[in-house]
Amino acid sequence: MTTGLTRPDGPAKLTGTAHYAADADTSDALAAALVTTTVPNGRLTALHTADAEAAPGVVRVLTRADLPPLGELSTPPLGFPVPPLLEDTVHHEGEPIAVVLAETWEQARHAATLVRAEYADVTPAVPFGQAEDVVPHGGLVFGETDESKGDVTAGLAAADVSVTATYTTADRHHSPIEPHATLARWDGDQLVLHSSVQSVLFAQAALAALFGVPPENVRVFCPFVGGGFGCKGFVWPHIPLAAAAARVTGRPVKLVLTRAQMFTLAGHQPATRQTVSLGATSDGRLTALRHTSSNASAQLGDYCENTPHGSTWMYASPAIETSTRIQRLHRPGPTPMRSPHEGPGMFALESAMDELAHELGMDPVELRLRNEPEVDPLTGEPFSSRKLVECLREGARRFGWSERNPEIGSMRDGHELIGWGMAAATMDSPRSPSSARLRIDHTGHVVVETGMQEIGTGLPAMVQAVAAETLGCPPEDVAVRHGDSDFPPHTGTFGSMSTMGLGSAVRAAAESALEKLGAEPGDPLAGALAEAGLTELESEGRWSPEGGGMTRGRTGGYSIHTYGSIFVEVRVDPDLGLLRMSRAVGVYAGGRILNPLAARSQMIGGITWGYGQAVLEQSVFEPNLGRFLSKNLAGYIVPVNADIGEIDVSFVDDDDRVASAIGAKGIGELGAVGVSAAIANAVFHATGRRVRDLPIRIHHLLP
Amino acid sequence: MRTFSYHRVSDVDVALAALRQPETQAIAGGTELVNWLKEGIEAPARLVDITGLPLAGVESTPDGLRIGALARMSDVAAHPVVRDRYPVLAQSLLRAASAQLRNMATIGGNLLQRTRCPYFRADTALPCNKRVPGSGCAARHGDTSAQAIFGWSEHCVATHPSDLAVALAALDATIVVRGEAGERRIPATEFHRLPGDEPERHTELRAGELITAVEVPAESGAEHSHYLKVRERVSYEFAVVSAAAVVQLSGTTITGARLALGGVAHRPWRLGGAEQAVVGLSVSDRPALLAAVAADFGDARPLPGNEYKITLAQRAAVRALQAA
Numbered sequence: 001m002t003t004g005l006t007r008p009d010g011p012a013k014l015t016g017t018a019h020y021a022a023d024a025d026t027s028d029a030l031a032a033a034l035v036t037t038t039v040p041n042g043r044l045t046a047l048h049t050a051d052a053e054a055a056p057g058v059v060r061v062l063t064r065a066d067l068p069p070l071g072e073l074s075t076p077p078l079g080f081p082v083p084p085l086l087e088d089t090v091h092h093e094g095e096p097i098a099v100v101l102a103e104t105w106e107q108a109r110h111a112a113t114l115v116r117a118e119y120a121d122v123t124p125a126v127p128f129g130q131a132e133d134v135v136p137h138g139g140l141v142f143g144e145t146d147e148s149k150g151d152v153t154a155g156l157a158a159a160d161v162s163v164t165a166t167y168t169t170a171d172r173h174h175s176p177i178e179p180h181a182t183l184a185r186w187d188g189d190q191l192v193l194h195s196s197v198q199s200v201l202f203a204q205a206a207l208a209a210l211f212g213v214p215p216e217n218v219r220v221f222c223p224f225v226g227g228g229f230g231c232k233g234f235v236w237p238h239i240p241l242a243a244a245a246a247r248v249t250g251r252p253v254k255l256v257l258t259r260a261q262m263f264t265l266a267g268h269q270p271a272t273r274q275t276v277s278l279g280a281t282s283d284g285r286l287t288a289l290r291h292t293s294s295n296a297s298a299q300l301g302d303y304c305e306n307t308p309h310g311s312t313w314m315y316a317s318p319a320i321e322t323s324t325r326i327q328r329l330h331r332p333g334p335t336p337m338r339s340p341h342e343g344p345g346m347f348a349l350e351s352a353m354d355e356l357a358h359e360l361g362m363d364p365v366e367l368r369l370r371n372e373p374e375v376d377p378l379t380g381e382p383f384s385s386r387k388l389v390e391c392l393r394e395g396a397r398r399f400g401w402s403e404r405n406p407e408i409g410s411m412r413d414g415h416e417l418i419g420w421g422m423a424a425a426t427m428d429s430p431r432s433p434s435s436a437r438l439r440i441d442h443t444g445h446v447v448v449e450t451g452m453q454e455i456g457t458g459l460p461a462m463v464q465a466v467a468a469e470t471l472g473c474p475p476e477d478v479a480v481r482h483g484d485s486d487f488p489p490h491t492g493t494f495g496s497m498s499t500m501g502l503g504s505a506v507r508a509a510a511e512s513a514l515e516k517l518g519a520e521p522g523d524p525l526a527g528a529l530a531e532a533g534l535t536e537l538e539s540e541g542r543w544s545p546e547g548g549g550m551t552r553g554r555t556g557g558y559s560i561h562t563y564g565s566i567f568v569e570v571r572v573d574p575d576l577g578l579l580r581m582s583r584a585v586g587v588y589a590g591g592r593i594l595n596p597l598a599a600r601s602q603m604i605g606g607i608t609w610g611y612g613q614a615v616l617e618q619s620v621f622e623p624n625l626g627r628f629l630s631k632n633l634a635g636y637i638v639p640v641n642a643d644i645g646e647i648d649v650s651f652v653d654d655d656d657r658v659a660s661a662i663g664a665k666g667i668g669e670l671g672a673v674g675v676s677a678a679i680a681n682a683v684f685h686a687t688g689r690r691v692r693d694l695p696i697r698i699h700h701l702l703p
Numbered sequence: 001m002r003t004f005s006y007h008r009v010s011d012v013d014v015a016l017a018a019l020r021q022p023e024t025q026a027i028a029g030g031t032e033l034v035n036w037l038k039e040g041i042e043a044p045a046r047l048v049d050i051t052g053l054p055l056a057g058v059e060s061t062p063d064g065l066r067i068g069a070l071a072r073m074s075d076v077a078a079h080p081v082v083r084d085r086y087p088v089l090a091q092s093l094l095r096a097a098s099a100q101l102r103n104m105a106t107i108g109g110n111l112l113q114r115t116r117c118p119y120f121r122a123d124t125a126l127p128c129n130k131r132v133p134g135s136g137c138a139a140r141h142g143d144t145s146a147q148a149i150f151g152w153s154e155h156c157v158a159t160h161p162s163d164l165a166v167a168l169a170a171l172d173a174t175i176v177v178r179g180e181a182g183e184r185r186i187p188a189t190e191f192h193r194l195p196g197d198e199p200e201r202h203t204e205l206r207a208g209e210l211i212t213a214v215e216v217p218a219e220s221g222a223e224h225s226h227y228l229k230v231r232e233r234v235s236y237e238f239a240v241v242s243a244a245a246v247v248q249l250s251g252t253t254i255t256g257a258r259l260a261l262g263g264v265a266h267r268p269w270r271l272g273g274a275e276q277a278v279v280g281l282s283v284s285d286r287p288a289l290l291a292a293v294a295a296d297f298g299d300a301r302p303l304p305g306n307e308y309k310i311t312l313a314q315r316a317a318v319r320a321l322q323a324a
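Heads up: the protein sequence lines correspond to chains A and B, in order.
Under full-length UniProt numbering, the residue at position 299 of the first sequence is numbered 299, and the numbers go up by one with no gaps.
Under full-length UniProt numbering, the residue at position 170 of the second sequence is numbered 170, and the numbers go up by one with no gaps.
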């Protein structure tokens, strides 16, 4: 359809006029600062607030006893299943214990440092790997914890070649530029929130339930999110705390998390330890695939990183067995982070496939081609669309893979060894309901309203494009209003689901408008309204997957996923242990691509994100202090422009009408998948070193 | 953050008088001090803005180079004489921070930046003798990956992060400071202090003193010099290990060398033994250079978890020598 659509919200962002949560009018608002625990466990025995209360500008210091009674709520929509202020038992370092309210942000922050807490029964935090692996339960377990088909033990015994290896991934933090921010204002029993969230719907539902008011009494605004990557998907404690503080004081309250608090109060991707066993015949056909996993989780919530999930549909193995477990530790609660589950999981599977290819003496692309399944290997159900083979072939062609000399260390340039590596990528395709309202005025101008937030991915441009395509009008005739819970609901800007759901809903709204007008796509809209004797026309469109609620990729008799291939060139300076990615080629099949410009940007960002996972990102959990050591972006490093070489992104033709009415699937998270495995595989090709632990740092590569 | 008052001064003596008041700190580019204020590492009552002092010049004389303490990093790096005759200096500046920070940060301020030890830089005060004297050193038995391999004590294992300081050490530069008692001249190799039992004393600068200039002696060999910075991220990142080398050559034979390492101690670590040992070696004889450098690591005491820095630092030193 449309090529290279630019963003209608671009000028506002570029000129600083796009409004983010903390930009909301605060002339009469109190500033709130959180006081948090400094120990990982034990009990809070005393809280001394007198010094803080006496500090300049301080209006009030709230502790648990000051909060209004709050209703019970599950995870999700809550990110972590505890009341927003700690009462007694400490679950992790960085947990809120008091809220300081002052006239200015600086006063509140300063006074927060004056609150003193006393603790008892504090013990050293048990590190990940030293607690028991347990089966997780509850709403933060995504998919099955155990899946199997066939006899893996027999398959491995029958294999001509087999590999078994253990891989680890690091604790990582989302680190969006915009921290969490909430402004809460009560008017009687009506609550207005301006909050940086990936779902105004979740925030509305959660706050209504917690404060015992009907959802229509809670209005949430969030037109723009300054980056989320998952950490604003669920409702974290500061949102109800801002609302509670506003209720208690009778004044609006603005609460902005500090960068440090973003490391403990908004989730993270937990460290994982995964073991993969693959067996194959000498001609490279898999006889067995086993993928087991454990992740660091918190004391409560049982957040599970389901890393083996993708291994259940990726390759045609007659025997597949997966299991995923957690360790309950005194750590902040993890949450989904781009790209959850398959992001860490495909590092292990695609590294293991490379190890198997090496053992077999087979080209790693060829190994994957030989194990391409015709139907979902676990369920036997058809794929809605699966273009992995096309991605592999096109990626190899664009990269020049046929020129690769498989010999390790065969390419050198001065001090540097050059390696070529590749991996396949996949993401599950969860889907969720969405809706939109469309209005056409007598001039033919179109306005689309939806509860969606623009999170940086270009959704307003997508809405504009789908409405314009369906109506047959120029995109610039369509304005998009978004991020208000009074608009038709959109489930959330997470899980790579928005384009499918919202695009389908916008299309339905536009089709409904044409039907009401008796018009065809391309008919001048002003004329059609005049003919119908209308000055304005309104229509609504809804879309939901089968069953009406949020679904995972295996739904309605189909196996619905996205696919890709990633090929990279790395340069390793073995003397100094330095690793750089000079070139990457990514080819993706993610359904119909509605906006190639935005889609390409999304994948470049994803590959960069994957580079961060592979080489840089690691939140060190300090063993003796029981906390994330560096809660800032100097100590937690993410890629900069100079890290990233040439990136070539393309898409193969794909159109998945099972996944959505518009043929689209989600691509927001796909680009980050497989990059780390491709880099590790390229490092092996360059150096002969198989690094199974992310991120790959200098000390891994020094001989 | 504590509320503070803010004063501008345009005269060095007025500035020194102002700095003699209690709880007073100088601010120039502010790229480091503002971090401390925000993290609660420092909480002064008064800030004296010294950017109006006449200390921003860069002069090239027959004796060498005199760089005013308030010269901006970007200006010094772009100075034609620095670029042409002191490559190690220009490289150390350009490989530090980001373009935006280099446009603000001053030469004096760069030398006064404090360790990047994550325990020192934490959002709240962790056991750290540099931050709260007597509170202990959580890094000693904690995450040691970025910590020192030379000159640390049980009280502190931090390294100093300045790239410039390493280049100045290799150039035998002098730090000129002024206080109530007049001017003092401190060798660049001695300006930063090893922790001993007073890790809270980061440098030899005394309370009430200002850095006024950095002097680099005229040094023909500096044309052959190089600053190698090894870091995980290509740009905008501190060194894991760095090496500054200044070499005199006759053909390919080394006739003189000065070598300083960064990221290995709380001061630039001169390899005096290696400087002697490489004289007479061919600059292309890597095994011999590596052996000469490695022989000067007798004092190295790696911590559990940073042993890799020994290998890395030795190789970085050789690479810098060869690139000089």
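Note that the Cβ used here is the ideal one computed from N, Cα and C, for glycine as well.
Since this is a predicted model, take the numbers as computed values, not measurements.
Contact set for residue i: own chain, Cβ-Cβ below 7 Å, skip 5 residues either direction
| i | result |
| --- | --- |
| Arg552(A) | Gly143, Asp428 and Pro430 |
| Ala292(B) | Ala274, Ala277, Val278 and Leu281 |
| Thr499(A) | Met462, Leu594, Ala664 and Gly666 |
Residue i at chain A interface by Cβ criterion, 8 Å
| i | result |
| --- | --- |
| Gln102(B) | This sequence places Arg at residue 102(B); Gln is not what is there. Answer no: the Cβ-Cβ gap between Arg102(B) and chain A never drops below 8 Å. |
| Arg319(B) | yes |
| residue 345(B) | Lying outside 1 to 324, the shown extent of chain B, residue 345(B) is not represented and no answer is given. |
| Val293(B) | no |
| Thr115(B) | no |
| Asp285(B) | no |
| Glu183(B) | no |
Cutoff 8 Å: residue i Cβ touching any chain B Cβ
| i | result |
| --- | --- |
| Val620(A) | yes |
| Ala260(A) | yes |
| His174(A) | no |
| Asp693(A) | no |
| His238(A) | no |
| Ile177(A) | no |
| Gly577(A) | yes |
| Leu114(A) | no |
Residues near residue i by beta carbon distance below 8 Å, same chain, minus five either side
| i | result |
| --- | --- |
| residue 762(A) | For residue 762(A) there is no data in the structure shown, the boundaries of chain A being 1 and 703. |
Cβ distance (whole Å) where residue i is taken to contact residue j below 8 Å
| i | j | result |
| --- | --- | --- |
| Ser650(A) | Glu394(A) | 7 Å |
| Thr457(A) | Gly668(A) | 6 Å |
Other residues of its chain near residue i: CB distance less than 6 Å, five sequence neighbours each side excluded
| i | result |
| --- | --- |
| Val161(A) | Ala280, Glu359 and Leu360 |
| Thr212(B) | Leu55, Ala69, Val176 and Arg178 |
| residue 706(A) | With chain A represented from 1 up to 703, any question about residue 706(A) goes unanswered, as that position is not in the structure. |
Under 8 Å (Cβ pairs) to chain A, residues found in the region 77-90 of chain B = Result list empty, no residue passes.
Which residues, in chain order, does the region 625-655 of chain A contribute to contact with chain B at a C-beta distance below 8 Å?
-> With the criterion set as a beta carbon lying under 8 Å from some beta carbon of chain B, the members of the region 625-655 of chain A are Leu625, Leu629, Ser630, Lys631, Asn632, Ala634, Gly635, Ile637, Pro639, Val640, Asn641, Ala642 and Asp643, in sequence order.
Along the region 93-110 of chain A, what residues have a CB closer than 8 Å to any CB found in chain B?
-> Those residues of the region 93-110 of chain A that come within reach of chain B (Cβ to Cβ, closer than 8 Å) are Glu106, Arg109 and His110.
Within the chosen definition, does the region 275-286 of chain A reach the region 156-164 of chain A through at least 3 CB pairs nearer than 8 Å?
-> Yes, they touch.
Positions along the region 131-145 of chain B whose CB lies within less than 7 Å of some CB in chain A = Residues of the region 131-145 of chain B whose Cβ lies closer than 7 Å to any Cβ of chain A, in chain order: Ala138, His141, Gly142 and Asp143.
Given a limit of 8 Å on CB to CB distance, which residues of the region 17-47 of chain B reach chain A?
-> So the close ones are Gly40.
Evaluate contact between the region 24-44 of chain A and the region 625-639 of chain A, counting only Cβ atoms and requiring at least three cross-stretch pairs below 8 Å.
-> Because the criterion of three Cβ pairs below 8 Å is met, the region 24-44 of chain A and the region 625-639 of chain A touch.
Per the contact definition of three or more C-beta pairs closer than 8 Å, is the region 27-46 of chain B in contact with the region 608-618 of chain A?
-> No, they do not touch.
Are the region 211-231 of chain A and the region 51-67 of chain A touching by the rule of at least three beta carbon pairs closer than 8 Å?
-> The region 211-231 of chain A vs the region 51-67 of chain A: no contact.
So does the region 174-186 of chain A actually touch the region 15-34 of chain A, counting three or more Cβ pairs closer than 8 Å?
-> Segments in contact, yes.
Select from the region 418-430 of chain A all residues with a C-beta closer than 8 Å to any C-beta belonging to chain B, and list them in chain order.
-> Taking 8 Å as the cut-off between beta carbons, none of the residues of the region 418-430 of chain A comes near chain B.
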